[in-house]
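J.:
There are 2 protein chains.
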Amino acid sequence: VIDIENVTKVYQMGDVEVRALQGVTCHVERGEFVAIIGPSGSGKSTLMNIIGCLDQPTEGTYRLDGIDVGELDDDQLAEIRNQKIGFVFQSFNLLRRVPAWKQVALPLIYSGAEDRRERAVTALEAVGLGERLNHLPSELSGGQQQRVAIARALVTEPSILLADEPTGNLDSKSGAEVMAIFKRLNRERGLTVVIVTHDASIAAQADRTIRIFDGKAYETNGHTPL
Amino acid sequence: VIDIENVTKVYQMGDVEVRALQGVTCHVERGEFVAIIGPSGSGKSTLMNIIGCLDQPTEGTYRLDGIDVGELDDDQLAEIRNQKIGFVFQSFNLLRRVPAWKQVALPLIYSGAEDRRERAVTALEAVGLGERLNHLPSELSGGQQQRVAIARALVTEPSILLADEPTGNLDSKSGAEVMAIFKRLNRERGLTVVIVTHDASIAAQADRTIRIFDGKAYETNGHTPL
Ligand SMILES: Nc1ncnc2c1ncn2[C@@H]1O[C@H](COP(=O)(O)OP(=O)(O)OP(=O)(O)O)[C@@H](O)[C@H]1O
Ligand SMILES: Nc1ncnc2c1ncn2[C@@H]1O[C@H](COP(=O)(O)OP(=O)(O)OP(=O)(O)O)[C@@H](O)[C@H]1O
Ligand SMILES: [Mg+2]
Ligand SMILES: [Mg+2]
Chain R
1 VIDIENVTKV YQMGDVEVRA LQGVTCHVER GEFVAIIGPS GSGKSTLMNI IGCLDQPTEG
61 TYRLDGIDVG ELDDDQLAEI RNQKIGFVFQ SFNLLRRVPA WKQVALPLIY SGAEDRRERA
121 VTALEAVGLG ERLNHLPSEL SGGQQQRVAI ARALVTEPSI LLADEPTGNL DSKSGAEVMA
181 IFKRLNRERG LTVVIVTHDA SIAAQADRTI RIFDGKAYET NGHTPL
Chain S
1001 VIDIENVTKV YQMGDVEVRA LQGVTCHVER GEFVAIIGPS GSGKSTLMNI IGCLDQPTEG
1061 TYRLDGIDVG ELDDDQLAEI RNQKIGFVFQ SFNLLRRVPA WKQVALPLIY SGAEDRRERA
1121 VTALEAVGLG ERLNHLPSEL SGGQQQRVAI ARALVTEPSI LLADEPTGNL DSKSGAEVMA
1181 IFKRLNRERG LTVVIVTHDA SIAAQADRTI RIFDGKAYET NGHTPL
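Protein chains in written order, with this note's numbering: chain R, 1 to 226; chain S, 1001 to 1226.
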């Protein structure tokens, strides 16, 4: 379902070129649970932003469900993001003046759902935030903000979940609860999951690992580099 | 050097009371390396903000180097923060439009140092960011932003380092490099270190662990709860 072909991403800074990704090719099958690991600064978030239709590569092709994403206009990209993809951002990207329940209810507006608040509350209770519904981001702990971002990514029932270091601010128990949710949705609803993580014990729970190093991808069979 | 006595922190939200800390008493000796661990939402960052003179308790006393911090005015608090404390924030708190080298050079302005840029560059090179000096936060990876925050906390050569989950966005190698810096400064310069972490392998490197649970503190001897 995710087809990244020879993708390069270059940032031009004055006369210096930063090659964030260099000829990356990787694939994720529908219903797979894949972990992306690699050193800080190696290109993982850059790759996730391209997969999530938030950024375009400098070179190469990205096909999502067989559609060449590079051919789409901004409206079509927004529609794909809203209908197919749930994205947990590395820095959460919560709205500063919006309470937790509304952060999670907002993505449901596009679908015209009637029971937005109920679904938001259910999603927040699932990540242990049933008593923090009205808190603003500034009134939440780091791990609570992270869990609001997770609830928001899942509330639209996407077919693909992209999670960029979703347990970095969570203790091992809260992290395990979040992984249990991801794995259950993967098993029971065929949710395709791509999770960036620095935690080897989290990566070990995926079907397969993709390693990123210095802007290049190294696929593995299972968890052993080929 | 850090004396927290029966500290309580309550947030009033309408007619609901959130008790972030409840009668917390804990002490850190000069030159100690202490880890604070506990579940997401348990009160760790709240405690760190009080220790860092960024927040005042609702009840109780905080003495820093024997001085009752509750008796100080805003100017005196700012002076203490700038002279004695280096703070690595859980969400980094970088300035949006300022390049990395300047983020790190800024705290040196108060001390009137002449070689601010040199010291900033040295601090950034020490955390592996020698090739990212001119990048804005939006042009840095999550772990690179975290390392800028670490460099900034250390550049003023504080006597106390407060680090709130400083390796959460770092791979194990980068995390180990950061811990090596902290331990070296602790050993060679007597830097007092208080580090909040969700990573048991990071906590194991401290002299002692303080556990926070549901707003209460549980001191340990070494790493075993008393
Ligand atoms: N807008 C930009 N301009 C210039 N360079 C950038 C920009 N965005 C990212 N980079 C650089 O691209 C590289 C890859 O960044 P990316 O955020 O993908 O890393 P990452 O693997 O997610 O790292 P981390 O684990 O620290 O989050 C980094 O070295 C970063 O400095
Ligand atoms: N301004 C505020 N108003 C109301 N409640 C708050 C406020 N700030 C924090 N809280 C609450 O206080 C509790 C403690 O927050 P704190 O940030 O100290 O947790 P933490 O231990 O650092 O968690 P994490 O590991 O997730 O970062 C949380 O339950 C949080 O919702
Ligand atoms: Mg990243
Ligand atoms: Mg915290």
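We put the beta carbon where it would ideally sit given N, CA and C, even for glycine. Everything numeric in this text was worked out from a predicted model, so none of it was measured.
(1) Excluding the 5 residues preceding and the 5 following R/Glu-32 in the sequence, name in chain order all residues of the same chain whose CB lies nearer than 8 Å to its CB.
(2) Is the Cβ of R/Ala-228 closer than 9 Å to any Cβ of chain S?
(3) For the stretch 142-171 of chain R, enumerate the residues whose C-beta is nearer than 7 Å to any C-beta of chain S, in chain order.
(4) Give a yes or no on whether 9 Å exceeds the smallest Cβ distance from R/Glu-125 to chain S.
(5) What does the alpha-carbon distance come out to for the pair S/Leu-1226 and S/Ala-1035?
(6) Leaving out the 5 sequence neighbours to the left and right, which residues in its chain are closer than 8 Å to S/Pro-1057 when beta-carbon positions are compared?
(7) Between R/Asn-6 and chain S, is the shortest Cβ-Cβ distance under 9 Å, so that the two count as touching?
(8) Is there at least one Cβ from chain R nearer than 9 Å to S/Ser-1111's Cβ?
(9) From S/Arg-1119 to S/Ala-1180, what distance separates their C-alpha atoms?
(10) Quick check: the stretch 1015-1030 of chain S against the stretch 1077-1088 of chain S, are at least 3 beta-carbon pairs closer than 8 Å?
(11) What is the rounded straight-line gap between the Cα of R/Asp-15 and the Cα of S/Gly-1038?
(12) Going straight from the alpha carbon of S/Thr-991 to that of S/Phe-1182, what length do you get?
(13) Check each residue of the stretch 1033-1049 of chain S: if its Cβ is closer than 9 Å to any Cβ of chain R, include it; give the result in chain order.
(14) For my contact list, R/Ile-195 and R/Pro-166 are in at a C-beta cut-off of 8 Å; report their separation, rounded to the angstrom.
(15) I want to see whether chain S comes within less than 9 Å of R/Glu-139, judged by CB atoms only; does it?
(16) So S/Leu-1124 and S/Leu-1133 are in contact, right, with Cβ under 8 Å, and what is the actual spacing, rounded?
(17) To the nearest angstrom, how far is the alpha carbon of R/Thr-220 from that of S/Cys-1026?
(18) Can the beta-carbon of S/Leu-1106 be found less than 9 Å from the beta-carbon of S/Val-1098?
(19) Note down, in chain order, all residues in the stretch 193-222 of chain R with a beta-carbon under 8 Å from any beta-carbon belonging to chain S.
(20) What does R/Lys-173 touch in chain S if you count any residue whose Cβ is under 7 Å from its own?
(21) Relative to the C-alpha of R/Ala-248, which residue among R/Ser-42, R/Ala-149, R/Lys-173 and R/Gly-60 is closest?
(22) Let me confirm a value: S/Ala-1200 is counted as buried when at least 16 other C-beta atoms fall within 10 Å, else exposed. Which label applies?
(23) Along the stretch 1074-1096 of chain S, where does the CB come closer than 8 Å to a CB of chain R? Name the residues.
(24) Any heavy atom of ligand 4 inside 8 Å of the beta-carbon of R/Lys-216?
(25) If you run the structure through DSSP and keep just helix, strand and coil, what is S/Gln-1076?
(26) Kindly indicate which residue of R/Ser-40, R/Leu-94, R/Leu-129 and R/Asp-3 has the alpha-carbon position closest to the one of R/Leu-64.
(27) Locate the beta strand (DSSP E) running through S/Thr-1025, then write down its first and last residues.
(28) Considering only heavy atoms of ligand 4, does any lie closer than 8 Å to the CB of S/Glu-1165?
(29) Is it the case that the Cβ atoms of R/Asp-164 and R/Val-104 are separated by a distance below 9 Å?
(30) Verify the contact flag: S/Ala-1020, CB atom, against every heavy atom of ligand 2, threshold strictly below 8 Å.
(31) Return the first residue and the last residue of the beta strand (DSSP E) that R/Thr-209 is part of.
(32) Under the rule that 16 or more other beta-carbon atoms within 10 Å means buried, what is S/Phe-1092, buried or exposed?
(33) Taking 8 Å as the cut-off, does the CB of S/Gln-1146 come closer than this to any heavy atom belonging to ligand 3?
(34) Output needed for R/Arg-152: all residues of its chain with C-beta closer than 7 Å, excluding positions within five of it in sequence on either side, in chain order.
T.: The answer reads as follows:
(1) If the five residues before and after R/Glu-32 are omitted, its C-beta is found closer than 8 Å to the C-beta atoms of Thr-192, Val-193, Asp-207 and Arg-208, all from its own chain and listed in chain order.
(2) Nothing in the structure corresponds to residue 228 of chain R, since chain R is present only between 1 and 226.
(3) Result list: Gly-142, Gly-143, Gln-144, Glu-165, Gly-168, Asn-169, Leu-170 and Asp-171.
(4) So, not an interface residue.
(5) The predicted model places S/Leu-1226 with a pLDDT of 48, which falls under 50 and marks its position as unreliable; any figure quoted below should be read in that light. Whole-angstrom Cα-Cα distance: 15 Å.
(6) So the list reads Val-1007, Thr-1008, Lys-1009, Leu-1021, Ile-1050 and Gly-1070, once near-sequence residues are dropped.
(7) It does not; no Cβ of chain S falls within 9 Å.
(8) Closer than 9 Å to the CB of S/Ser-1111 there is not a single CB belonging to chain R.
(9) Computed Cα separation, rounded: 19 Å.
(10) With the cut-off at 8 Å, the stretch 1077-1088 of chain S and the stretch 1015-1030 of chain S do not touch.
(11) CA-CA distance, R/Asp-15 to S/Gly-1038, rounds to 47 Å.
(12) The structure shown does not extend to residue 991 of chain S, since chain S is modelled only from 1001 to 1226, so the question has no answer here.
(13) So the list reads Ile-1037, Gly-1038, Pro-1039, Ser-1040, Gly-1041, Ser-1042, Gly-1043, Lys-1044, Ser-1045 and Thr-1046, given in the order they occur along the chain.
(14) Their Cβ separation, rounded to whole angstroms, is 6 Å, which keeps R/Ile-195 and R/Pro-166 in contact under 8 Å.
(15) Interface residue, yes.
(16) Going by Cβ atoms, the distance from S/Leu-1124 to S/Leu-1133 rounds to 6 Å, so yes, they are a contact pair.
(17) Rounded to the nearest angstrom, the two C-alpha atoms are 47 Å apart.
(18) With contacts defined by Cβ atoms closer than 9 Å, S/Leu-1106 and S/Val-1098 form a contacting pair.
(19) With the criterion set as a beta carbon lying under 8 Å from some beta carbon of chain S, the members of the stretch 193-222 of chain R are His-198 and Ala-200, in sequence order.
(20) Result: Pro-1039.
(21) This structure gives no information on residue 248 of chain R, because the portion of chain R shown stretches from 1 to 226.
(22) By the 10 Å Cβ count, S/Ala-1200 comes out exposed.
(23) Close to chain R, meaning a Cβ-Cβ distance shorter than 8 Å, are the following residues of the stretch 1074-1096 of chain S: Gln-1090 and Ser-1091.
(24) Relative to ligand 4, the beta carbon of R/Lys-216 is positioned no closer than 8 Å to any heavy atom.
(25) Annotated three-state conformation of S/Gln-1076 is helix, per DSSP.
(26) Of the residues R/Ser-40, R/Leu-94, R/Leu-129 and R/Asp-3, the one whose Cα lies closest to the Cα of R/Leu-64 is R/Asp-3.
(27) Counting along the chain, S/Thr-1025 sits inside the beta strand (DSSP E) bounded by residues 1016-1028.
(28) Flag set: Cβ of S/Glu-1165 near ligand 4.
(29) Result no, Cβ atoms of R/Asp-164 and R/Val-104 do not sit closer than 9 Å.
(30) Correct: S/Ala-1020 has its Cβ closer than 8 Å to ligand 2.
(31) Note, R/Thr-209: beta strand (DSSP E), 208-213.
(32) The residue in question, S/Phe-1092, is buried, as its Cβ has 16 or more Cβ neighbours within 10 Å.
(33) No, Cβ of S/Gln-1146 sits at least 8 Å from all heavy atoms of ligand 3.
(34) Correct list, in chain order: Gln-103, Val-104 and Pro-107.
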